[in-house]
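Shown next, in C-alpha cells, is the structure this report addresses.
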Amino acid sequence: MTRVVLGVSGASGAALALAVARHLVTLGVALDVVVSSAAERTLCEECGKDAMAKLRDLADQLHAPSDIGARIASGSAPVAGMIVAPCSMRSLAAIANGLDDNLLTRAASVQLKERRPLILLAREAPLTLAHLRNMTAVTEMGAIVLPPVPAFYLRPDSVEAVVEQIAARAVDLLRIAPPVALGWTG
Ligand SMILES: Cc1cc2nc3c(=O)[nH]c(=O)nc-3n(C[C@H](O)[C@H](O)[C@H](O)COP(=O)(O)O)c2cc1C
C-alpha cells in the first residue's frame, strides 16, 4: 500500500489539510499525519472543534510533532513523498535551513535527502525577503512550492471549490496516480 506523509503546520488554510487527506484516502493511500501545535489551533479556529478528530479519522497513523523517533523520521521508511498543507513560514524556514527540529520538519528533510517529492503549500501574504529566500532554498533542494492560490481561470464558485482544486493539484504533484485536479480545457 502506498504511504504518504501529510504535515500540517500553523498557517491559515487549515481546510487544505482535510481536503488533501480526503483526496489521498480516496486514492487508497495510507497516511502518516503530523500536526504542529500551532496547526491544532488553526484547525480548530478555521474548521471547527471537530477538525482534529476528522483528520485523526483519515490518518492511518497520527504522530506527535515531538516524536522524533517515529518511523517517518527515517529515510528507511518506504513512503512515496510528503505534502505540507498548509505550510507556515516558520516550518518553511526550518525546512529551508535543515533544522529538523520536530517530526514535521524532520520528515520533510527526509524526503529531500531521499530525493522524494516534497510539496509545500506555503501560505503567507505579503511575503518578506526571508520568505522568498527560503522558498528559493527549498526549490533548489528539490521541493515544490505550491502557494494555495485560486485557479481563477476555472471560475470557482465557492471557497470549498478553491480548496478542493488546490488540494487536488498538490496530490497530483506527487505523481502516484492519474491526475484528479480539474484542468484548463482550452
Ligand atoms: C489564526 C492564525 C493564522 C495564522 N496564519 C499564518 C499564515 O498564514 N502563515 C504563517 O506563516 N503563519 C501563520 N500563523 C502563525 C503560525 O501559526 C506561527 O508562526 C507558528 O509558530 C507556526 O508554527 P509551525 O510551523 O510549527 O506550525 C497563524 C497563526 C494563527 C493563530
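Number 67 in full-length UniProt numbering belongs to position 67 of the sequence shown; there are no gaps in the numbering.
Every residue gets a Cβ at the ideal spot worked out from N, C-alpha and C, and that includes glycine.
The beta-bridge partner set that DSSP reports for R3 consists of A30. Note: L118 is bridge-paired with M82 in the DSSP secondary-structure output. Annotation for L112: the continuous alpha helix (DSSP H) segment containing it runs 103 to 113. Excluding its 5 nearest sequence neighbours in each direction, C47 has C-beta neighbours in its own chain below 7 Å: A14, A15, L18, listed in chain order. The beta carbon of A21 lies closer than 8 Å to those of L6, L31, V33, L55, L58, A59 in the same chain, with the five residues before and after it left out. Residue pairing for H63: DSSP places it in a beta bridge opposite V34. Remark: the C-beta of M89 is in contact range of ligand 1, defined as less than 7 Å to any heavy atom.
Excluding sequence positions up to five before and after L112, its CB lies within less than 7 Å of the CB of L118, M141, G142, A143, all in the same chain and listed in chain order.
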